[in-house]
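The structure appears below as structure tokens.
There are 2 protein chains.
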Amino acid sequence: MRNKILELLRANTSTYLSGEEIASQLGVSRTAIWKHMQELKNAGYEIASHARKGYQLIAAPDRLLADTIGNGLNTKLIGSAFVCFDNVKSTNDEAKALARKGAVNGTVVVSEAQSVGKGRMERSFFCPEGGIWFSVILRPDFLPMEAPKCTLLAAVAVTKAMRKQGLEAGIKWPNDIICQGKKLTGILTEMSAEMDKINYVVIGTGINVNIPAASFPEELQDKASSMSALLGHDVPKIAFFQDVLRNMEKLYLEIEANGFKELLQQWRHYSITLGQEINVIGVKETFSGIARDIDDDGALLVETQQGLRKVLAGDVSIRPRNKQVK
Amino acid sequence: MRNKILELLRANTSTYLSGEEIASQLGVSRTAIWKHMQELKNAGYEIASHARKGYQLIAAPDRLLADTIGNGLNTKLIGSAFVCFDNVKSTNDEAKALARKGAVNGTVVVSEAQSVGKGRMERSFFCPEGGIWFSVILRPDFLPMEAPKCTLLAAVAVTKAMRKQGLEAGIKWPNDIICQGKKLTGILTEMSAEMDKINYVVIGTGINVNIPAASFPEELQDKASSMSALLGHDVPKIAFFQDVLRNMEKLYLEIEANGFKELLQQWRHYSITLGQEINVIGVKETFSGIARDIDDDGALLVETQQGLRKVLAGDVSIRPRNKQVK
Chain A
2 MRNKILELLR
12 ANTSTYLSGE
22 EIASQLGVSR
32 TAIWKHMQEL
42 KNAGYEIASH
52 ARKGYQLIAA
62 PDRLLADTIG
72 NGLNTKLIGS
82 AFVCFDNVKS
92 TNDEAKALAR
102 KGAVNGTVVV
112 SEAQSVGKGR
122 MERSFFCPEG
132 GIWFSVILRP
142 DFLPMEAPKC
152 TLLAAVAVTK
162 AMRKQGLEAG
172 IKWPNDIICQ
182 GKKLTGILTE
192 MSAEMDKINY
202 VVIGTGINVN
212 IPAASFPEEL
222 QDKASSMSAL
232 LGHDVPKIAF
242 FQDVLRNMEK
252 LYLEIEANGF
262 KELLQQWRHY
272 SITLGQEINV
282 IGVKETFSGI
292 ARDIDDDGAL
302 LVETQQGLRK
312 VLAGDVSIRP
322 RNKQVK
Chain B
2 MRNKILELLR
12 ANTSTYLSGE
22 EIASQLGVSR
32 TAIWKHMQEL
42 KNAGYEIASH
52 ARKGYQLIAA
62 PDRLLADTIG
72 NGLNTKLIGS
82 AFVCFDNVKS
92 TNDEAKALAR
102 KGAVNGTVVV
112 SEAQSVGKGR
122 MERSFFCPEG
132 GIWFSVILRP
142 DFLPMEAPKC
152 TLLAAVAVTK
162 AMRKQGLEAG
172 IKWPNDIICQ
182 GKKLTGILTE
192 MSAEMDKINY
202 VVIGTGINVN
212 IPAASFPEEL
222 QDKASSMSAL
232 LGHDVPKIAF
242 FQDVLRNMEK
252 LYLEIEANGF
262 KELLQQWRHY
272 SITLGQEINV
282 IGVKETFSGI
292 ARDIDDDGAL
302 LVETQQGLRK
312 VLAGDVSIRP
322 RNKQVK
């Protein structure tokens, strides 16, 4: 009902719409309409109301709601359904539970804040209000061994949208988005699969959008930042998020139609790792070399004195060679 | 309590154990002991009871119970916990739910019958009483892309145990166990993973052990059979199952210590596909060739007139070339 009222209001933003007309179009009482209007105002919608003329939508809140994100999104797949939270433990956990229950391909789970941010290898992640914490459920046709490349897809989609906002963001292999040496985004992709068939992939992405620099925990101060802190002003959250979702859709449809070639090409374009001298710090050994390329599997190819080495996204950390490693 | 009573009885199979002694050792009443004895008898345990002398275990049932499987199993990992059912929809579904709740590495879920057998690519599978339908939860350290080889592990473990029972069983790539041209076992491996870390793998295996040939549905009559039907006598189910679990443990520990080399070698030894002229029937195309080897990924290498082709376990079916393909 709330969404139907919003639809009517959005279709008539230049004029007032009488409570009677809305009530009769939706087949409910005027009192019910009045109650819904109060709820929408409480949710942050700016609605002018006039005793005689009725209601008029002045502005939607810059909040992550199915209505605000969906309005003008114009995607076919990504955002086929929205599940929105003010605060949730983990959008990935919610998305996995929904996927098990049969949630449709392209379902987006998003939250204003997360109480338990989860990064790769069970590392924790700072997820306060002001960011965008979301998970996309995909049910791709390709083999499970192709799934790691979904992480690259999210990285490219977010980096592209950040550049549009004026940030010189780039991708540190495999899945960190960095700007001015600080991390702005973390991506955690999970999947459920049979050996030759993906049940579902959940791409979890956390983006530090409008978060004051000072609110980051001390141990993150020199490692992480937010878009607003680096730009010096807040970013229009909904418009930015819509851009991210549209970019994801475009890349995903391209993969479905023509495979991963274009995605890998775009990833190379946004990479800040390629061409750099790096240290590869693994569980068993550490070595140095020059990051030359990623191969068709998304593995990093590192030129070492012993020849070209292929680095899979295991527990490996990549550091610029001239920096001191703690 | 039941398992503690069984432990005491098993430790004294050559003599009677008085109800009083059992009751005092376990700190419960003699009436309670009597009730448990009735339950054990109902579950199929043969227990001699004598008004003055007490109780003596004559024989355990050949039923899939934690006690019967665990007794003398002597494994460290596989069977670290047992969850046993008379009938269940799908041991894989049960195992996945348990794994999500944190079930330990090596947990075995087993059922006397399954109401919804699930094969690869959502094919259904006939799972009546008399078979062994089980799933093993593993939490391996290796990368998700290595997980498909867990299917090979189960295939080798089962084939080896079948040969010990006198059946000339062999493995048809990737995961069918065949004897006299008929399928005796199906394997479905599923996993939950991050891109670079396996959360858990569930290897589901269904073995047609003691199932009368006549009870197979008509459409399976010329495709599937059971161990008992081919041998002409029933197989001791528990002893056979223990063998399978011990084989799995040995192979798994070998993988953990030295990687997949030995497993692949054993798979080659039991393969009935290698060296054969085959048709590879895929979704997009069909081609013919000679199955030459499996590579380090477990992919089948097929020699064709256009050169060596690598076949992944997608929706591919392999048929002997001289047989008519429907």
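As you go down the protein sequences, you meet chains A and B in turn.
Going by this note's numbering, the first residue of the first sequence is number 2, and it counts up by one from there.
Going by this note's numbering, the first residue of the second sequence is number 2, and it counts up by one from there.
A virtual CB, placed ideally from N, CA and C, is assigned to each residue, including glycine.
Model, not experiment: these values are computed from the prediction.
message: Tell me the rounded alpha-carbon separation between A:Y17 and A:A52.
response: 11 Å
task: Decide yes or no for the touch test of the region 157–164 of chain B against the region 96–109 of chain B: beta carbon pairs closer than 8 Å, at least 3 of them.
output: no
- request: At 7 Å on the CB atoms, spell out the chain B contacts of A:A104, in chain order.
  value: Residues of chain B passing the Cβ test: none, with the nearest at roughly 16 Å.
- prompt: Can you tell me where the alpha helix (DSSP H) with B:E257 in it begins and where it stops?
  reply: K238 to N259
field: Closer than 9 Å at the beta carbon, the chain A residues around B:L313
entry: L144, M146 and D197
task: Using alpha carbons as the reference points, say which of A:A292, A:E40 and A:V281 lies closest to A:I273.
output: A:A292
- prompt: Considering only residues of the same chain and omitting the five flanking positions on each side of A:G299, which have a CB-CB separation below 6 Å?
  reply: P149, K150 and L153
query: Between the Cα of A:N176 and the Cα atoms of B:E195, B:D177, B:L168 and B:I178, which residue gives the shortest distance?
result: B:E195
query: Since B:T190 meets chain A, which of its residues come closer than 8 Å, beta carbon to beta carbon?
result: E195 and M196
- prompt: Should B:I70 and B:Q243 be called a contact, given that it needs their Cβ atoms to be closer than 8 Å?
  reply: yes
task: Name the residue from A:G187, A:A104 and A:K36 whose alpha carbon lies nearest to the alpha carbon of A:S50.
output: A:K36
Alpha-carbon to alpha-carbon, A:G103 and B:Y56: 53 Å
message: Suppose you measure from the CA of B:L139 to the CA of A:G283; what does that come to, to the nearest Å?
response: 24 Å
- request: Starting from B:R320, follow its DSSP beta bridges and name the residues at the other end.
  value: B:N280
query: Residues of chain A with a CB under 9 Å from the CB of B:T152: which are they?
result: M196
- request: Take B:A67 and list the residues in its own chain whose beta-carbon comes closer than 6 Å to its own, dropping the five residues that flank it on each side.
  value: F83 and C85
message: Within 10 Å of its beta-carbon, does A:P237 have 16 or more other beta-carbons around it, so buried, or fewer, so exposed?
response: exposed
Where the alpha helix (DSSP H) containing B:G71 begins and where it ends: A67 to G71
task: Determine the closest residue to B:D278 out of B:M192, B:D297, B:L301 and B:M228, with distance taken between C-alpha atoms.
output: It is worth fixing the name first, because residue 278 of chain B is Glu in this sequence and not Asp. If we check each option's Cα against that of B:E278, B:L301 comes out closest.
- request: Could you give the DSSP three-state label for B:A44: helix, strand or coil?
  value: coil
query: Using 8 Å as the limit for Cβ to Cβ distance, is B:P149 near chain A?
result: yes
message: Let's test the definition: count the other Cβ atoms within 10 Å of the Cβ of A:D197 and tell me whether it reaches 16, buried, or not, exposed.
response: buried
field: beta strand (DSSP E) segment containing A:N200, residue limits
entry: K198 to I208
query: What's the call for A:H309, buried or exposed, on a 16-neighbour Cβ count within 10 Å?
result: This sequence places Leu at residue 309 of chain A; His is not what is there. By the neighbour-count rule (16 or more Cβ atoms within 10 Å), A:L309 is not buried but exposed.
message: I'd like to know whether the C-beta atoms of A:R269 and A:I295 end up nearer to each other than 8 Å.
response: yes
query: Measuring CA to CA, which of B:R3, B:A12 and B:K184 is closest to B:I212?
result: B:K184
- prompt: Between the C-alpha atoms of A:A98 and B:A98, what's the straight-line distance to the nearest angstrom?
  reply: 11 Å
query: Whole-angstrom Cβ separation of A:V210 and A:M228, contact assumed at under 8 Å?
result: 5 Å
query: For the region 77–148 of chain A, which segments carrying the beta strand (DSSP E) assignment without a break, of at least 3 residues, lie completely within its bounds, in sequence order?
result: 83–89, 109–115 and 133–139
- request: Note down, in chain order, each residue of its chain lying with its Cβ closer than 7 Å to the Cβ of B:M38, except the 5 sequence neighbours on either side.
  value: I48, S50 and Y56
field: Burial state of A:C218, where buried means 16 or more other Cβ atoms lie within 10 Å
entry: One point to set straight first is that residue 218 of chain A is Pro, not Cys, in the sequence displayed. Counting Cβ neighbours within 10 Å, A:P218 comes out exposed, since fewer than 16 surround it.
task: Following the continuous alpha helix (DSSP H) through B:Y271, name the residue where it begins and the one where it ends.
output: K262 to Y271
message: Whole angstroms are fine: how far does the CA of B:P145 sit from the CA of B:L275?
response: 26 Å
query: What did DSSP end up calling B:L153 once you bin it into helix, strand or coil?
result: helix
field: Spatial distance of A:L231 from A:L168 (CA atoms)
entry: 8 Å
- request: Kindly list the residues whose CB is nearer than 6 Å to the CB of B:G80, restricted to its own chain and excluding five residues on each side of it in sequence; keep chain order.
  value: L74, V109 and L246
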